[in-house]
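Quick note on numbering: the sequence shown equals residues 1 to 84 in full-length UniProt numbering.
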Amino acid sequence: MVLGRRVPQSSYYDKNNRPSAALYRARQPYLVRNAVTGFAIIGFVAAVYSWTIRAIGQDDFSDVPMPDAPAPHTTTIKSTGNSQ
């Protein structure tokens, strides 16, 4: 390899790391299919989330016994009487 010579590189990106027209052409056939798949996944996640929130919201905890509140812990601090 000669110094100062650049080895050609096969890439879909130019020297400024921007996508080339060839990359857009290569991705074109998959654009619609990937968008539909993405919307399907988002829809499934939203459906599971909403079903879960609705199922949890219907829980009735009236039959669960609630313990009494703990009595407040009162302590009295006795003064030693040495205050100046």
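No residue lacks a Cβ here, since even glycine has one placed at the ideal position from N, Cα and C. As the structure is a computational prediction, the values presented were derived from the model and not from experiment.
C-alpha of Thr74 to C-alpha of Asp68: approximately 18 angstroms in a straight line. Per DSSP, Asn17 is not a residue of any alpha helix (DSSP H), being assigned neither H nor E.
The DSSP-derived three-state label of Phe61 is coil.
Contact between Tyr13 and Ser20 holds: their C-beta atoms lie close to 6 angstroms from each other, under 8 angstroms.
Within the model, the alpha-carbon separation for Val45 versus Thr37 is close to 12 angstroms.
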